[in-house]
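The sequence shown runs 145 to 828 under our numbering. Glycine included, C-beta positions come from ideal geometry on N, C-alpha and C.
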Amino acid sequence: MTFGTLLVANRGEIAVRVLRAARDAGLRTVAVYSDADRDAPHVRIADAAVRLGPPPAAESYLSIPALIDGAARSGADAVHPGYGFLSERAEFAAACRDAGLVFVGPTPEVIDLMGRKDEARRIAAKAGVPMLPAVEGADDESLMAAARAGIGFPLLVKAVSGGGGKGMRIVREASALPAALAAARREAKAAFGDDTMLIERYVEHGRHIEVQVIADSHGHVLHLFDRDCSVQRRHQKVVEEAPAPTISAAVRESVTSAAIRLATEVGYVNAGTVEFLVEDEQAYFLEMNTRLQVEHPVTELVTGIDLVAEQLRIAQGEALTFTQDQVTVTGHAIEARVYAEDPDAQFLPQAGFTRTVRWSTRARVDEALASGQQVGTWYDPMLAKIIAHAPTREAARHRLIEAIDDSAIIGLTTNLGFLRRLVAGPEFTAAEIDTAWLDGAGAPFPAESSDLALVVAGWLLADGAAPAHPFRAGDGWRDGGPAAPVVRSLTVGRGRHVVRVDRSAHEVRVEDGRPRDARRPDAGEHVGAGGAGVATVRPMLAPPGRARLEIDGVVHEVTYELDHGAAVVCLHGQNYTIRPAGSLAPEHTAPTEELVRAPMPGLVLDVVVRPGQTVIKGEYLGVLEAMKMEVTLTAPHDGTVSAVAVAPGAQVTSGQELFTVTADGTSDGETDGAGSVATGAPAP
145 MTFGTLLVAN
155 RGEIAVRVLR
165 AARDAGLRTV
175 AVYSDADRDA
185 PHVRIADAAV
195 RLGPPPAAES
205 YLSIPALIDG
215 AARSGADAVH
225 PGYGFLSERA
235 EFAAACRDAG
245 LVFVGPTPEV
255 IDLMGRKDEA
265 RRIAAKAGVP
275 MLPAVEGADD
285 ESLMAAARAG
295 IGFPLLVKAV
305 SGGGGKGMRI
315 VREASALPAA
325 LAAARREAKA
335 AFGDDTMLIE
345 RYVEHGRHIE
355 VQVIADSHGH
365 VLHLFDRDCS
375 VQRRHQKVVE
385 EAPAPTISAA
395 VRESVTSAAI
405 RLATEVGYVN
415 AGTVEFLVED
425 EQAYFLEMNT
435 RLQVEHPVTE
445 LVTGIDLVAE
455 QLRIAQGEAL
465 TFTQDQVTVT
475 GHAIEARVYA
485 EDPDAQFLPQ
495 AGFTRTVRWS
505 TRARVDEALA
515 SGQQVGTWYD
525 PMLAKIIAHA
535 PTREAARHRL
545 IEAIDDSAII
555 GLTTNLGFLR
565 RLVAGPEFTA
575 AEIDTAWLDG
585 AGAPFPAESS
595 DLALVVAGWL
605 LADGAAPAHP
615 FRAGDGWRDG
625 GPAAPVVRSL
635 TVGRGRHVVR
645 VDRSAHEVRV
655 EDGRPRDARR
665 PDAGEHVGAG
675 GAGVATVRPM
685 LAPPGRARLE
695 IDGVVHEVTY
705 ELDHGAAVVC
715 LHGQNYTIRP
725 AGSLAPEHTA
735 PTEELVRAPM
745 PGLVLDVVVR
755 PGQTVIKGEY
765 LGVLEAMKME
775 VTLTAPHDGT
785 VSAVAVAPGA
795 QVTSGQELFT
805 VTADGTSDGE
815 TDGAGSVATG
825 APAP
């Protein structure tokens, strides 16, 4: 079972993580890539790299023949699947075995058994693991009848195959069940090739608790304690931590012992995770993930055990070198997932070019993103994970905030600032969280006031304004005396501001720049949370591209870019684009748009309307898939569908016209609108 060359059948940060662990273990490493990832970081750090095919995952990272062929061409004798893609496909593990390759993970038979939720439930029942009431079936009518009679509402429809939030729908009333079943079946069929469903009772305010298990081929099965993954959005984890702060010692003992029983019952070998839903003091089995989890770093940090290194040793037939009694928890770790998405636009996935990327050294960062990198929409939008470890949860939370403040991504919209506000918020601080919290909160973490960013930008723009010839400057320079204040009219978002910078006095004043009759009643001078009109600013030494400013006695470090009188300031993870004032778009526009455009590049999955069809505002028109997320396209207003420009299977670009909906009582003239979109469950 020994091997010398490892092919990592994945991309992004997990490929980088595994490649580095393999290198540390003395193995030769092989990366794989699609045409979209030709220059990606994981390709650059491997000893060798093999092209799989064009960007679509089905023709590259999901192509078993391409991966097996790549292993043969590169001389690999082992394969690590990472997570996602083919990591939980039994047929991939079987193909590796048939090709004489060591698969770093459990056997194909175990993957197949635990990958089906119906089979996993039967095995869990045999192992004495508690479960929620559920019904299974392939026929919708019998399934719905059994669910109505035996479970009640709310309930959860979910695919028996796969995971990651795909093929899942919450149903709160009987009338919504048929549509939810149909949508979940469609997602499951596309993602897993299997549209078999089960329906179980939905726990509204449960906590998502999981147990890391690890087992070797010598009969040793251990747990590495628990994680709390309750901070989720649409069934996708956002923040994870270890150990779980929300469970009692009795629940911890219950879930860890249940996880050991289940892994032993199925004959598990390698690293895996058993997931539970905890309601009050009762834990219910959810599923077993037969692979490394995204959130494995929090367990590594609190136990001191390198899970990837252990995976590689186990795959080579070695026994675990520690016992259960030797596994202890030290401190607390919290992980935040950085996504290419826009929190201010329903978390829609984003694409773009990174001009500046800075990762903090104050915490562990698992990433595969650098400056000058193109991020597309072919794959999952996760870019990185920032993981903080400290003696206590509160200390770890503060360290995570510091690490986010010390990181920056400019040129690509991300959720970095949202994560900062989330972990700094009172609910997360108090660990008053459950699986419904983030979705139920709507938009609970609005961006901070832009005033501090305006102070920073105003100072930096004034500091960098002077040209080589001072008499041509517009910065207030004058001979024989201190410079006059620099006054600029600047915009950030939809706000117009007057920023006065007096560098000789170390003062910056920010005022509302709109005409007085257009200001808010409370508008006036405003800087920071205190509302003072003037900030005292003193610059401090900082490396290029960074600014370190003492503002009213508090030191702020920011990453920034200056370009032709404009500035981008990354402050507390949030990017603020500040430009010279020009004509501002009106703050409110009438909802007269008739074109429904693609909010991002993607694949059209479904079109349900035809020209001439009457629709009402919010009515479903079709579905677009991008970055594994389904985006529901809806009518922007009541009217008639006058044009359908796409069909299912079409690849579209951002802003491309998809539908035209002519409002009742209006002409056929078009206005340039984006239509309405709503994000749904993640797509394959």
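Nearest-angstrom Cα separation, counted from residue j out to residue i
i      : j      : result
Ala327 : Arg377 : 19 angstroms
Phe491 : Val162 : 29 angstroms
Thr703 : His362 : 51 angstroms
Arg541 : Leu245 : 42 angstroms
Ala662 : Phe562 : Unreliable positioning characterises Ala662 in this predicted model, as indicated by a pLDDT of 42, which lies under 50. The coordinate reading is nonetheless provided below. Taking the straight line joining both Cα atoms gives about 30 angstroms.
Ala166 : Ala484 : 28 angstroms
Leu287 : Tyr428 : 22 angstroms
Asp488 : Gly637 : 12 angstroms
His670 : Val519 : Any reading at His670 must be qualified, since the residue scores a pLDDT of 45, below 50, and its modelled position is unreliable; no value is offered.
Asp183 : Asp191 : 14 angstroms
Glu763 : Ala477 : 44 angstroms
Val482 : Ala388 : 21 angstroms
Ala552 : Ile577 : 27 angstroms
Pro185 : Val751 : 37 angstroms
Ala742 : Leu150 : 40 angstroms
Leu842 : Ala649 : Absent from the structure is residue 842, since the part of the chain shown begins at 145 and ends at 828.
Val654 : Glu774 : 42 angstroms
Val301 : Glu801 : 33 angstroms
Glu397 : Ile554 : 45 angstroms
Outcome for residue i when other beta-carbon atoms lying within 10 angstroms are tallied against a minimum of 16
i      : result
Ala318 : exposed
His533 : buried
Asp424 : exposed
Val698 : exposed
Lys270 : exposed
Ile760 : exposed
Arg316 : exposed
His349 : exposed
His440 : buried
Pro535 : exposed
Arg155 : buried
Arg829 : As shown, the chain starts at 145 and ends at 828. That puts residue 829 outside it, with no answer to give.
Pro252 : buried
Gly756 : exposed
Residues of its chain near residue i, where Cβ-Cβ distance is below 8 angstroms and the 5 sequence neighbours each way are ignored
i      : result
Ala807 : Thr736, Glu738, His781, Asp782, Gly783
Leu257 : Glu263, Ala264, Ile267, Val410
Arg217 : Val194
Simplified DSSP assignment, three categories, for residue i
i      : result
Ile358 : strand
Lys333 : helix
Thr680 : strand
Gly178 : Just to set this straight, residue 178 is Ser in the shown sequence, not Gly. Three-state DSSP puts Ser178 in a strand.
Met744 : coil
Met831 : Outside the displayed range of the chain (145 to 828) lies residue 831, so it cannot be described from this structure.
Gly226 : coil
Arg233 : coil
Ala220 : coil
Met288 : helix
Lys761 : coil
Pro590 : coil
Asp595 : helix
Pro277 : coil
Thr579 : coil
Gln718 : strand
Cβ shell of residue i (< 6 angstroms), same chain only, five flanking positions each side left out
i      : result
Val753 : Leu765, Val785
Gly618 : Interpretation of Gly618 is limited by its pLDDT of 43, a score under 50 that renders its predicted location unreliable; no figure is taken from the coordinates.
Asp339 : Arg329, Ala332, Lys333
Val273 : Ala402, Leu406, Phe429
Ile208 : Phe236, Ala239
Arg692 : Met684, Ala686, Glu701
Val355 : His367, Asp370, Val399, Thr400, Ala403, Val418
Chain B within 8 angstroms of residue i, Cβ atoms only
i      : result
Asp524 : The structure shown contains no chain B; it holds only a single protein chain.
Cut-off 7 angstroms between Cβ atoms - residues of its own chain near residue i, not counting five sequence neighbours on either side
i      : result
Asp221 : Phe147, Gly148, Thr149, Leu245, Val246
Glu157 : Asp510, Glu511, Ala512, Ala528, Lys529
Quick one: any contact between the segment 389 to 407 and the segment 329 to 337, if contact means 3 or more CB pairs under 8 angstroms? As far as the Cβ criterion goes, the segment 389 to 407 does not touch the segment 329 to 337, which means the pair count is below three.
Decide yes or no for the touch test of the segment 367 to 381 against the segment 443 to 451: beta carbon pairs closer than 8 angstroms, at least 3 of them. yes
Touch test, the segment 590 to 608 against the segment 715 to 727, Cβ-Cβ under 8 angstroms, three pairs minimum: yes
Are three or more beta carbon pairs between the segment 493 to 504 and the segment 168 to 182 nearer than 8 angstroms? no
Touching or not, the segment 386 to 396 and the segment 224 to 241, by the rule of three or more beta carbon pairs under 8 angstroms? no
Is the segment 509 to 528 touching the segment 187 to 206 in the sense that three or more CB pairs, one from each, lie closer than 8 angstroms? yes
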